[in-house]
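For reference, the structure is listed below as C-alpha cells.
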Amino acid sequence: MTRNISRRDALKVLGAGSGLLLVHCGPIKPPQGEKEKSDYDWEKHSYAYVVDTTRCIGCCACMRACRAENDVPPGVFRTWVERYEVDEAGEVRVDAATHDDFVFGTTDTKVSKAFFVPKLCNHCKKSVCNQVCPVGAAYRTKDGVVLVDHDRCIGCGYCVQACPYGSRFISPRTHMAEKCTLCYHRITRGEKPACVASCPKGARIFGDLRDPQSEISVILKQQRFRVLKPEMGTQPNCYYLGLDREVV
Amino acid sequence: MDYVFPNELNVTWTVMIVLYPYITGLVAGAFIVSSLYHVFGRHELEPVARFSLVSAFVFLLFAPLPLLMHLGHPERALSIMVTPNFSSAMAGFGFIYNTYLVLVVLEVWFVMRGQFIARAKGTGPIAFACRAILLFNLDESAETRRVDHKIATFLAGLGIPLACLLHGYVGFLFGSLKANPWWSTALMFVIFIFSAIVSGISVLIFHTFVVAWINGWEVEEKCIRALGKYLWGFMIIAVSLELLEILSIAYKQTEEWEVLERLISEKLFISYVVLQFGLFSLVPFVFLAITALVPLGKRLTHALIWLASVMLLMQVLLMRWNVVIGGQLLSKSMRGFTSYFPGLFEREGLVVAAIIFTAPFLILWGFNRVVPLFPHAVSKVRTGMN
Chain A
1 MTRNISRRDA
11 LKVLGAGSGL
21 LLVHCGPIKP
31 PQGEKEKSDY
41 DWEKHSYAYV
51 VDTTRCIGCC
61 ACMRACRAEN
71 DVPPGVFRTW
81 VERYEVDEAG
91 EVRVDAATHD
101 DFVFGTTDTK
111 VSKAFFVPKL
121 CNHCKKSVCN
131 QVCPVGAAYR
141 TKDGVVLVDH
151 DRCIGCGYCV
161 QACPYGSRFI
171 SPRTHMAEKC
181 TLCYHRITRG
191 EKPACVASCP
201 KGARIFGDLR
211 DPQSEISVIL
221 KQQRFRVLKP
231 EMGTQPNCYY
241 LGLDREVV
Chain B
1 MDYVFPNELN
11 VTWTVMIVLY
21 PYITGLVAGA
31 FIVSSLYHVF
41 GRHELEPVAR
51 FSLVSAFVFL
61 LFAPLPLLMH
71 LGHPERALSI
81 MVTPNFSSAM
91 AGFGFIYNTY
101 LVLVVLEVWF
111 VMRGQFIARA
121 KGTGPIAFAC
131 RAILLFNLDE
141 SAETRRVDHK
151 IATFLAGLGI
161 PLACLLHGYV
171 GFLFGSLKAN
181 PWWSTALMFV
191 IFIFSAIVSG
201 ISVLIFHTFV
211 VAWINGWEVE
221 EKCIRALGKY
231 LWGFMIIAVS
241 LELLEILSIA
251 YKQTEEWEVL
261 ERLISEKLFI
271 SYVVLQFGLF
281 SLVPFVFLAI
291 TALVPLGKRL
301 THALIWLASV
311 MLLMQVLLMR
321 WNVVIGGQLL
331 SKSMRGFTSY
341 FPGLFEREGL
351 VVAAIIFTAP
361 FLILWGFNRV
371 VPLFPHAVSK
381 VRTGMN
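For the protein sequence lines, the chains are A and B, in the order given.
According to this note's numbering, the first sequence is numbered sequentially starting from 1.
According to this note's numbering, the second sequence is numbered sequentially starting from 1.
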C-alpha cells in the first residue's frame with residue numbers, strides 16, 4: 001500500500017517556491033517625477049495660472065509653442081483655444097483650432113458676441129485624476145503642479161475619464177497618460193511656460209503666489225475671477241477673468 | 001452645433017472595457033447560482049451546481065485579459081497591487097480579484113475532489129496532473145468527504161458577498177466618476193450586481209442546452225424550469241432598476257438632462273432604447289412570464305427559456321456597451337458627442353474580443369474531458385439506453 005503525502009507537506013513545498021519568487025522581486029522605487037534642477041526648492045513656490053479671456057485674440061501661438069516645446073503628438077492637445085460665437089437669436093456655436101495649422105475655420109453666422117477661451121489642465125488642488133490613479137502615477141508637486149510619473153503610469157485611462165475638463169489623454173506615442181505640465185522643466189529654471197511666453201497679448205499669465213508682488217498675486221487680489229466647473233469640487237488652480245456663462 | 005473637447009475625439013475605453021464587466025458579471029452570476037444549491041439548498045439546481053461553479057472559475061481566469069489588452073503598459077499591470085494608490089477605486093481590483101480567485105479555486109477543489117480522485121487513480125499524464133492537483137492525497141473516507149462538504153459550503157457562503165463585491169465594485173468604478181453624468185449615479189453598482197446575476201443564469205441556461213444538444217442528453221426539466229423562474233425574477237429587478245435610474249434623472253430635469261436626453265434619443269437610440277429595453281428586455285420578459293405562468297409542452301417551454309436566455313445575454317452585453325461606450329460618447333463640454341465603432345483586427349478590436357469571450361467555453365470543454373461536469377446527464381442517457 002502506497003503512503004499518501006500529507007496536504008501539509010505539499011503546501012510547504014508550494015509555499016517555499018512562492019517565497020523564492022517573491023524574494024526575486026526587486027525593491028519598489030519611490031515616485032521619480034520630472035527631473036528638476038538640483039538647487040530648485042519646490043517648497044518655496046506656489047504656482048498658479050490666470051487666463052484673461054478678454055485679451056485672447058485666438059491666434060493660437062500658445063498651441064504652436066506648446067506642441068513645439070513638449071513634442072506633443074498630432075491629434076492630442078495639452079492646451080487648446082476655444083472660440084464661442086453667439087448669434088442674434090442667442091444660439092451658441094463653439095469650436096476649437098485643432099487642425100494641424102491651428103487656425104479657426106471661417107463662419108458665415110451673423111455673430112452678436114464672440115470670444116476666445118484658452119484651455120489647459122487646471123492643476124486642481126483636489127485633483128480627481130490623482131485620486132483615481134490606481135498606481136499613484138498622478139501626483140501634485142509641492143509647488144502646485146499636477147504631473148504624471150512616466151516610470152509608473154500603466155496607461156489604464158482612468159484619469160482621462162475622471163478629469164472633468166478633458167485635459168488628459170493617452171499619448172499615441174508613449175501609451176501613457178499625458179497632460180499639461182506647465183512646462184515644469186522651464187518653470188523650475190525660472191522661465192515661463194511656453195504658452196505664456198508666446199502669447200502676444202498677455203492673455204495667459206503665470207506666476208508664483210508666494211511672491212505677493214507678482215502679477216498673478218496682484219490680479220487674484222484685485223480682480224474678479226472664476227474657475228471652470230466649480231461644482232466638481234476639484235478646486236482648480238487655473239483662474240479665468242471675464243469668463244462668459246456659456247463656458248464650461 | 002456639436003462641440004467636443006479636442007482630446008475626446010477618440011474614446012479611451014474600448015470594446016475591451018465593455019467585455020471586462022461582461023465577463024465578471026458572468027462570473028458573479030454563475031457563482032451565485034452554484035451557491036443557491038450549495039448554501040441555500042435549492043436542490044433542483046443540483047444538476048448545474050458543479051457546472052456553474054466551474055464556469056465561474058473559468059470565466060474568472062479570463063476576466064483580466066481584456067484589461068491587459070487595453071492597458072497601455074500591461075507589463076506594469078502588477079503595480080496595481082505592488083504600489084497601489086488606495087484613494088483609487090481601481091486599486092482595489094487586484095486585491096478583490098485575487099481574493100475571489102483564491103476562494104473560487106478552493107471551492108472548486110473541495111467540491112470536485114471526489115471527481116479528481118476518480119480520475120487520479122488512472123495512469124498517464126492527466127492522472128498524474130490530477131494527483132498533483134490533489135496534493136498527492138487520495139483519501140476519500142467518509143470523514144474526509146464530510147469535512148470537504150463542510151468547507152465547500154462555508155466557501156460558497158463566503159463567496160456570495162465576494163461575488164457581489166467583485167461585480168458591484170466594477171459598477172462603482174463607473175458610478176463614482178463625477179465628471180460623467182451618464183455614469184455618476186449611486187444606482188450603478190446595484191444595477192451591475194443584478195445584471196450580473198441575469199447574465200450568469202442566462203449563460204448557464206444557454207450553455208446547458210447547447211451541451212445537451214451536442215451530446216444528445218436529456219435536459220433536466222425541474223432544473224431548467226427553476227433556472228427560468230430565477231432568471232425571470234432577477235431580470236425584472238435588473239430592468240426595473242435600469243429604468244428607475246433613467247426615470248429619476250429625467251424627472252429631476254437637471255442641467256445634464258438636456259444633453260443626456262439627446263444621448264438617448266440620438267446616439268444610443270438603437271442600442272439602448274430599441275435593443276436593450278425594447279427587444280432584449282421586453283421579449284424575454286414575456287417569454288419567461290409565459291413559461292412561469294402558463295402550462296406549456298416541454299419542448300415549447302425549453303425553446304422559450306433558451307431563447308430568453310440568449311436574448312438576455314445580449315441585453316446585458318448591450319447594457320455594458322451603453323454604459324461604457326455611451327458614457328464616453330458624451331463630451332464633458334456637454335455640448336456634443338463623439339462616435340466610436342471598434343475595428344476588426346486591431347489589438348482592441350472585435351476579433352480579439354471574440355477570441356477572449358470564446359476561450360472560456362473551450363477551457364470548459366477541456367475541463368469536462370478531465371472531470372465530468374454533468375454526471376447526472378450521463379447517467380440519464382445510460383438509464384435510457386438500458
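Don't be surprised by glycine CBs; every beta carbon is placed ideally from N, CA and C.
Keep in mind the model is a prediction, meaning the values are calculated, not measured.
Distance between residue j and residue i (C-alpha atoms, nearest Å)
i      : j      : result
W182/B : E261/B : 10 Å
G29/B  : A196/B : 5 Å
L138/B : Y22/B  : 38 Å
A179/B : K332/B : 7 Å
E82/A  : V105/B : 54 Å
C121/A : V145/A : 10 Å
E107/B : Y251/B : 46 Å
T14/B  : L67/B  : 10 Å
A89/B  : M232/A : 18 Å
D151/A : L244/B : 44 Å
E85/A  : D108/A : 11 Å
V48/B  : H207/B : 10 Å
G233/B : S34/B  : 17 Å
W80/A  : A91/B  : 32 Å
Residues sharing a beta bridge with residue i, DSSP
i      : result
L177/B : In DSSP, L177/B forms no bridge with anything.
V117/A : E82/A
V248/A : DSSP lists no partner for V248/A.
I170/A : A177/A
R140/A : V146/A
C238/A : Y49/A
F337/B : L330/B
V92/A  : V86/A
Residue i (DSSP reduced to helix, strand or coil)
i      : result
A97/A  : coil
Y20/B  : helix
E140/B : coil
R50/B  : helix
G112/A : Per the sequence shown, residue 112/A should be read as Ser rather than Gly. DSSP places S112/A in strand when its eight states are reduced to three.
R152/A : coil
L296/B : coil
A203/A : coil
Y169/B : helix
Y3/B   : strand
Y40/A  : coil
M69/B  : helix
F390/B : With chain B running from 1 to 386 in the structure shown, residue 390/B is simply not present.
K192/A : coil
R369/B : helix
F110/B : helix
K150/B : helix
A63/B  : coil
L103/B : helix
T106/A : coil
R76/B  : helix
L307/B : helix
P27/A  : Confidence in P27/A is poor, its pLDDT being 41 and thus under 50, which makes the residue's placement unreliable; the coordinate value appears in the next sentence. Coil at P27/A, not helix or strand.
I57/A  : coil
V160/A : helix
G159/B : helix
G29/B  : helix
L135/B : coil
In chain order, what residues of the segment 328-343 of chain B put their CB closer than 9 Å to some CB of chain A?
-> Against chain A - using a Cβ distance shorter than 9 Å - the residues of the segment 328-343 of chain B are Q328, S331, K332, S333, M334, R335, G336.
Which runs of the beta strand (DSSP E) fall wholly inside the segment 215-286 of chain B and span at least 3 residues, in chain order?
-> If only uninterrupted beta strand (DSSP E) runs of at least 3 residues are considered, none is enclosed by the segment 215-286 of chain B.
When you check each C-beta in the segment 133-151 of chain B against every C-beta of chain A, which residues fall closer than 9 Å?
-> L134, L135, F136, N137, L138, D139
Check each residue of the segment 61-80 of chain B: if its Cβ is closer than 7 Å to any Cβ of chain A, include it; give the result in chain order.
-> Within the segment 61-80 of chain B, the residues whose Cβ lies closer than 7 Å to some Cβ of chain A are L71, G72, H73, R76, A77, S79, I80, listed in chain order.
Going along the chain, which unbroken runs of the beta strand (DSSP E) with 3 or more residues stay wholly within the segment 206-230 of chain A?
-> none
Quick one: which residues of the segment 120-137 of chain A get their C-beta closer than 9 Å to a C-beta of chain B? List them in chain order.
-> V128, N130, Q131, V132, C133, P134, V135, G136, A137
Got a sec: which bits of the segment 82-96 of chain B sit with their beta carbon under 8 Å from any beta carbon on chain A, in order along the chain?
-> Residues V82, T83, P84, N85, S87, S88, A89, M90, A91, F93.
Of all the residues that make up the segment 79-108 of chain A, which are near chain B by a beta-carbon distance shorter than 7 Å?
-> W80, R93, V94, D95, A96, T98
Scan the segment 177-203 of chain B for residues whose Cβ lies nearer than 9 Å to a Cβ of chain A and list them as they occur along the chain.
-> L177, K178, A179, N180, W183
Scan the segment 192-224 of chain A for residues whose Cβ lies nearer than 9 Å to a Cβ of chain B and list them as they occur along the chain.
-> none
Could you name the residues of the segment 3-18 of chain B whose beta carbon sits closer than 7 Å to any beta carbon of chain A, in the order they occur along the chain?
-> Y3, F5, P6, N7, E8, T12, W13
When you check each C-beta in the segment 149-168 of chain A against every C-beta of chain B, which residues fall closer than 8 Å?
-> Within the segment 149-168 of chain A, the residues whose Cβ lies closer than 8 Å to some Cβ of chain B are R152, C153, I154, G155, C156, G157, Y158, V160, Q161, A162, C163, P164, Y165, G166, S167, R168, listed in chain order.
With 8 Å as the limit, tell me which residues of the segment 62-79 of chain A have their beta carbon closer than that to any beta carbon of chain B; keep them in chain order.
-> G75, V76, F77
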